[in-house]
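S.K.:
There are 2 protein chains.
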Amino acid sequence: MSRSGLPSQTCTIARAVAQVGDEWTLLIVREMFLRTRRFDDFLRLTGMSSHLLSQRLKKLEAQGVIRRKAYSERPPRYEYHLTEKGRDLWAVIIALKQWGDRWLSTEDTPVEIMHKTCGQVVAPRMTCPDCGEPIGAHDVEALLSQPFELERQAARHVL
Amino acid sequence: MSRSGLPSQTCTIARAVAQVGDEWTLLIVREMFLRTRRFDDFLRLTGMSSHLLSQRLKKLEAQGVIRRKAYSERPPRYEYHLTEKGRDLWAVIIALKQWGDRWLSTEDTPVEIMHKTCGQVVAPRMTCPDCGEPIGAHDVEALLSQPFELERQAARHVL
DNA sequence: GTTAGTCAATTCAAAAATTGAAGTGACCTC
DNA sequence: GAGGTCACTTCAATTTTTGAATTGACTAAC
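The listed protein sequences derive, respectively, from chains Z and S. Quick note, the first sequence lines up with residues 118 to 276 if you use our numbering. Quick note, the second sequence lines up with residues 118 to 276 if you use our numbering.
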């Protein structure tokens, strides 16, 4: 499906990247979090070409990330909504925002996150579900399963 | 720099996406978290073309996400390391992993995250820094600043 | 009742990016 | 000195993306 050599990998990161890891897709998802729903608005607000938008929306729908809903029968008109799977991408978008805020910031932050439960504007952060402490870049280490590690040492192209 | 129409946007999400929001870049960063350091290993483990790897590494270095270090003078040989800015992308990678684990999973999880402070294998989660509760997709809402909202309503292509 | 406008697309040629294979240069090992 | 390693570069062929124009099914205004 994707142009890249990332077909069906074992690694869930590689799989996630193959599904939503491109510029326009991430931007579409971002727009959806900002409540953009219609073809023309995506076009207008992202500046992408209509051909590509059309392609990406089809791909995202096929993947179950978004759902197309008719809001008018004649003429046929559609809106796009995130599915549960799509909504669950919020952590990715917020992580990108957090990183952008920290490393690419201008003065203003045009988008803020509100925690509806407590009503506050917040910067959500990653914490350890075990000890409850916030986790930073230095507190974390990736572990590879034994078979995966061996596979990687031997083979070529094992994501 | 990027092929897309995402030059210098106000929105930090759009800026972040412009810097690291493409498939191969995310895969390179992922590999770095798995302690891959050398050109040939990136090539072997990701399956990307050497031309593109070379380009992407140059771009990431120019952006200050990675740093190139000589580990041999003659012949000249280099290793690539994440900078602090690059290491700070860990939350993005983990968010992608979390999403992949949930929505694209096979049986096995070849990569695990260890919290070095408490020594546990964990699934870090986003929490509210204010009330301390875990935040899910439904607990959160995006707020746009007044000027940004107005800009978007009027203009075309305002990320 | 014609003209203009909206909206969700599709079409198509030109431009740009990516692939895949081959090559390069500076070594090291057998 | 033949072959191998490593970090790339080069280049033609393929694939994607862009950008502009067009379509089709309407609705609203004059």
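All C-beta atoms, glycine included, are put in the ideal place defined by N, C-alpha and C.
Out of S:237, S:147, S:163, which has the shortest C-alpha to C-alpha gap to residue 203 (chain S)?
M.R.: S:147
S.K.: Against residue 179 (chain Z), what residues of chain S qualify as contacts under a CB-to-CB distance less than 7 Å, listed in chain order?
M.R.: None at all; the shortest Cβ gap to chain S is about 14 Å.
S.K.: Within the 7 Å Cβ cut-off, does residue 122 (chain Z) reach chain S?
M.R.: Any reading at residue 122 (chain Z) needs caution, since the residue's pLDDT is 39, under 50, leaving its predicted position unreliable; the model's value is listed next. Using a CB distance cut-off of 7 Å, residue 122 (chain Z) counts as an interface residue toward chain S.
S.K.: Among Z:179, Z:133, Z:187, Z:176, whose alpha-carbon lies nearest the alpha-carbon of residue 155 (chain Z)?
M.R.: Z:187
S.K.: According to DSSP, simplified to helix, strand and coil, what is residue 165 (chain S)?
M.R.: coil
S.K.: By the 10 Å Cβ neighbour count, where 16 or more other Cβ atoms means buried, how is residue 173 (chain S) classified, buried or exposed?
M.R.: Counting Cβ neighbours within 10 Å, residue 173 (chain S) comes out buried, since at least 16 surround it.
S.K.: Would you list the residues sitting across from residue 187 (chain S) in a DSSP beta bridge?
M.R.: S:195
S.K.: Go ahead and label residue 232 (chain Z) buried or exposed: buried means 16 or more other beta carbons lie within 10 angstroms of its beta carbon, across all protein chains shown.
M.R.: buried
S.K.: Can you confirm whether residue 149 (chain S), when its beta carbon is compared against all beta carbons of chain Z, has any partner nearer than 7 Å?
M.R.: no
S.K.: Using a Cβ-Cβ cut-off of 7 Å, state whether residue 145 (chain S) counts as contacting chain Z.
M.R.: no
S.K.: Check whether chain Z comes within 7 Å of residue 130 (chain S), counting only Cβ atoms and requiring the distance to be less than that.
M.R.: yes
S.K.: Once DSSP output is grouped into helix, strand and coil, what is the label at residue 227 (chain Z)?
M.R.: coil
S.K.: In whole angstroms, what is the alpha-carbon distance linking residue 213 (chain Z) and residue 206 (chain S)?
M.R.: Rounded to whole angstroms, residue 213 (chain Z) to residue 206 (chain S) spans 8 Å at the Cα level.
S.K.: Where do the ends of the alpha helix (DSSP H) carrying residue 146 (chain S) lie?
M.R.: 140–150
S.K.: Tell me which residues of the stretch 198–215 of chain S have at least one Cβ-Cβ distance to chain Z shorter than 8 Å, keeping chain order.
M.R.: 201, 202, 204, 205, 206, 207, 208, 209, 210, 211, 212, 213, 214, 215
S.K.: Using a Cβ-Cβ cut-off of 8 Å (strictly less than) and excluding sequence neighbours within five positions of residue 269 (chain S), which residues of its own chain qualify?
M.R.: In its chain, beyond the 5 residues on either side, 261, 275 have a beta carbon closer than 8 Å to the beta carbon of residue 269 (chain S).
S.K.: Would you mind reading off the limits of the alpha helix (DSSP H) that contains residue 204 (chain S)?
M.R.: Where residue 204 (chain S) is concerned, the enclosing alpha helix (DSSP H) stretches over 201–204.
S.K.: Could you work out which residues of chain S lie near residue 273 (chain Z), taking near to mean beta carbons separated by less than 9 Å?
M.R.: 160, 161, 162, 164
S.K.: Return the CA-CA distance between residue 151 (chain S) and residue 273 (chain S), expressed in angstroms with no decimal places.
M.R.: 41 Å
S.K.: By DSSP, does residue 255 (chain S) sit in helix, in strand, or in coil?
M.R.: helix
S.K.: Let me check one thing: in DSSP terms, what residues is residue 244 (chain Z) bridge-paired to?
M.R.: Z:251, S:242
S.K.: Spell out a yes or no on whether the stretch 219–237 of chain S and the stretch 126–141 of chain Z are touching, meaning 3 or more CB-CB pairs, one atom from each, closer than 8 Å.
M.R.: Segments in contact, yes.
S.K.: Going by C-alpha to C-alpha distance, which of S:141, S:158, S:131 sits closest to residue 271 (chain Z)?
M.R.: S:158
S.K.: Chain S partners of residue 265 (chain Z), CB-CB under 7 Å?
M.R.: Those are 227, listed as they occur along chain S.
S.K.: Using a cut-off of 9 Å between C-beta atoms, extract the partners of residue 183 (chain S) located in chain Z.
M.R.: Here the premise fails: no neighbours, minimum Cβ distance about 13 Å.
S.K.: From the DSSP output, in three-state form, read off residue 263 (chain Z) for me.
M.R.: Reduced to three states, the DSSP call for residue 263 (chain Z) is helix.
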